[in-house]
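Everything below concerns the one structure shown next.
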Amino acid sequence: MPPRLALPSLQTIRGLRPGHSVVAARWKMPALQDVLDARAEPERSAPPLSDPLRLRFWVSTSTSLRRLDVCSSPRHKAMVLDNVGGRYSGGGGGAGGDKARLLANLEDIGTIEFSPHTPVAHGLSRLESVLVSRGCDGVQGRGLTSVKVDITGRHTRAASTTVEMLVALERFVEMVWRSRTVQITPGAIPQPHISAFDLTALLRLPPNATPFIKQTITRLAKVALTVEWRVSNADLTDQQPLESPNEAVKEVAAAISFANTETVSIQSNSHFNNNQQQQQQQIVSPRPNALEHLDGSHAFPKAKALLIDTPFGCHAVGPLMRAMRSTVERVEMLSTGEMPLPAEAWGVYLAGMGPHTTLSGTLKMRVEGWGEPIDWGDRAHKMPTVKGIELYLTVPGNVAHSLAEEDDYFYAFIQQLIKLRGLDRVEIMEPVGTSRRVLRTRCPNKTIGDFTIDFHGSLRLIRTTWTSRGR
Numbered sequence: 003m004p005p006r007l008a009l010p011s012l013q014t015i016r017g018l019r020p021g022h023s024v025v026a027a028r029w030k031m032p033a034l035q036d037v038l039d040a041r042a043e044p045e046r047s048a049p050p051l052s053d054p055l056r057l058r059f060w061v062s063t064s065t066s067l068r069r070l071d072v073c074s075s076p077r078h079k080a081m082v083l084d085n086v087g088g089r090y091s092g093g094g095g096g097a098g099g100d101k102a103r104l105l106a107n108l109e110d111i112g113t114i115e116f117s118p119h120t121p122v123a124h125g126l127s128r129l130e131s132v133l134v135s136r137g138c139d140g141v142q143g144r145g146l147t148s149v150k151v152d153i154t155g156r157h158t159r160a161a162s163t164t165v166e167m168l169v170a171l172e173r174f175v176e177m178v179w180r181s182r183t184v185q186i187t188p189g190a191i192p193q194p195h196i197s198a199f200d201l202t203a204l205l206r207l208p209p210n211a212t213p214f215i216k217q218t219i220t221r222l223a224k225v226a227l228t229v230e231w232r233v234s235n236a237d238l239t240d241q242q243p244l245e246s247p248n249e250a251v252k253e254v255a256a257a258i259s260f261a262n263t264e265t266v267s268i269q270s271n272s273h274f275n276n277n278q279q280q281q282q283q284q285i286v287s288p289r290p291n292a293l294e295h296l297d298g299s300h301a302f303p304k305a306k307a308l309l310i311d312t313p314f315g316c317h318a319v320g321p322l323m324r325a326m327r328s329t330v331e332r333v334e335m336l337s338t339g340e341m342p343l344p345a346e347a348w349g350v351y352l353a354g355m356g357p358h359t360t361l362s363g364t365l366k367m368r369v370e371g372w373g374e375p376i377d378w379g380d381r382a383h384k385m386p387t388v389k390g391i392e393l394y395l396t397v398p399g400n401v402a403h404s405l406a407e408e409d410d411y412f413y414a415f416i417q418q419l420i421k422l423r424g425l426d427r428v429e430i431m432e433p434v435g436t437s438r439r440v441l442r443t444r445c446p447n448k449t450i451g452d453f454t455i456d457f458h459g460s461l462r463l464i465r466t467t468w469t470s471r472g473r
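This is the structure in structure tokens:
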């Protein structure tokens, strides 16, 4: 490689893009102070330490670097800054000098980008080591004065790993920042928001959570478009923190507001390890008691829909519905993937919503799996008022060994369903053949209870009379 040419007076480089990387190693820039507005969109398949701008070459010969304005991961920043005065400096007029002082003037390293799917602590620890070893030491009063954090990176989702990141970030602050001011950005997008807030980020807050951590979680909640609780194996095996929330969790729960959220969901984590349906009967559903501290006056001012897709969220439904108050218009109780739900589970979910809840829209129920026919007895008055139901029912194989048993199961289910208060319509989408056969043979007058059966088009039950039980 030919020797580098010197630009001894150049102090600022602005607007680096990948196309400039071809000349990155041609120059020595010992007076370089500021690299501003350096941007590159990494490819999805790029390795973690991809350096499309070749920043490690641009900064390697600087003896007075002050600003490195680029959005990248802690590991990438550590790799770039580790080359100041390193093997890419070219020697003979390069950075040279006392390596322990090469970053003593550094004030700003741009935006630290995190992803909820990558480990955080190691990257920050490596970055801290590089900075401190080169003189950027907050303890000695020569640390950073400005740091921006893209807290969810390009994945725009807050989860339990967000809390881990915040804890690691505070450790980083103590060591390398002159100032304790942190600017948190939800994402590098025109209108800041995050796509989802996993309630685990609230439920698993450490008891010693600092004001910085609590305030950041609250701010992320405010810009979340959807809220979800992904029930994980940890939630089932380590339930004590959920059942007995610490004071930090209760404090944040009482203050938190999901001001932009319209949809709330309860589901199983995508990595959930439970392929045996029989095990579901032996698992105790977790009680996220911190949700009882959500303030209904501001927790979900815009939420209109609750989606349920797990057999283990029954104890979360009640407090969430109370926090959502009268804004809920749609509830979907689904059953997808490897977690089919028994019919009786929906009785538990409905009871969890409480008798003071009114669903003005349609309750969508997808019921399948295993279990005995439901029998709510006289508990219908303890369940919410439901106006309409869209039903998808799969008769479980363990109770239907013949057409007669399948018919009995379906008919018993419908008889229980129409006990719900306020119900004036049921649209039966599945099972198509069974539903029509059963209702034609067992209800020759085309009535069942207070409902008239309409066989035209999709099968519908329409209330035609009201009894005190149905109101």
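In terms of this note's numbering, the sequence shown opens at residue 3 and continues consecutively. Even glycine gets a Cβ: it sits at the ideal position worked out from N, Cα and C.
{"Check": "For LEU70, the three-state DSSP class (helix, strand or coil)", "Outcome": "strand"}
{"Check": "Contact the region 197 to 209 vs the region 249 to 256: 3+ CB pairs below 8 Å", "Outcome": "yes"}
{"Check": "DSSP-derived helix/strand/coil call for GLY390", "Outcome": "strand"}
{"Check": "ILE310 versus ALA382 - alpha carbon distance", "Outcome": "20 Å"}
{"Check": "Closer than 8 Å to chain B by CB, ILE391", "Outcome": "Among the protein chains of the structure shown there is no chain B, as only one such chain exists."}
{"Check": "Residues of its chain near THR364, where Cβ-Cβ distance is below 6 Å and the 5 sequence neighbours each way are ignored", "Outcome": "GLY390, GLU392"}
{"Check": "MET326: first and last residue of the uninterrupted alpha helix (DSSP H) it sits in", "Outcome": "316 to 326"}
{"Check": "Opening and closing residue of the alpha helix (DSSP H) in which THR436 lies", "Outcome": "434 to 444"}
{"Check": "Inter-residue CB distance, ALA102 and SER135 (contact presumed, cutoff 8 Å)", "Outcome": "7 Å"}
{"Check": "Boundaries (first-last residue) of the alpha helix (DSSP H) holding SER75", "Outcome": "Looking at the DSSP string, SER75 is not in any alpha helix (DSSP H), and its letter there is neither H nor E."}
{"Check": "Per-residue burial, ALA406 [other beta carbons within 10 Å of its own, 16 or more giving buried]", "Outcome": "exposed"}
{"Check": "Status (buried if at least 16 other CB within 10 Å, exposed otherwise) for LEU7", "Outcome": "exposed"}
{"Check": "Helix, strand or coil at LEU222 according to DSSP, with G and I counted as helix", "Outcome": "helix"}
{"Check": "Residue(s) in a DSSP beta bridge with ALA160", "Outcome": "PHE199"}
{"Check": "Assigned exposure category for LYS304 - 16 Cβ within 10 Å defines buried", "Outcome": "exposed"}
{"Check": "Through-space distance from PHE59 to LEU18, alpha-carbon basis", "Outcome": "12 Å"}
{"Check": "Contact the region 235 to 247 vs the region 213 to 221: 3+ CB pairs below 8 Å", "Outcome": "no"}
{"Check": "C-beta contact flag for ALA40 and LEU55 at 8 Å", "Outcome": "yes"}
{"Check": "Test item: CB-CB of PHE214 and GLU172 under 8 Å", "Outcome": "yes"}
{"Check": "Contact under 8 Å by Cβ, HIS195 with ASN107", "Outcome": "no"}
{"Check": "GLY125, enclosing alpha helix (DSSP H) - first and last residue", "Outcome": "123 to 135"}
{"Check": "GLY354 and GLY320 closer than 8 Å at C-beta", "Outcome": "yes"}
{"Check": "Closest Cα partner of PRO313 within the set VAL233, ARG324, ASN85", "Outcome": "VAL233"}
{"Check": "Separation of THR387 from GLU408, as counted between CA atoms", "Outcome": "28 Å"}
{"Check": "Coil, strand or helix - GLY99 by DSSP", "Outcome": "A caution first: GLY99 carries a pLDDT of 49, below 50, which makes its placement in the model too unreliable to give a value."}
{"Check": "With 16 other Cβ atoms within 10 Å as the buried cut-off, status of ASN85", "Outcome": "buried"}
{"Check": "Beta carbon of PHE457 nearer than 8 Å to that of ILE464", "Outcome": "no"}
{"Check": "Straight-line gap, VAL330 to THR360 (C-alpha atoms, nearest Å)", "Outcome": "8 Å"}
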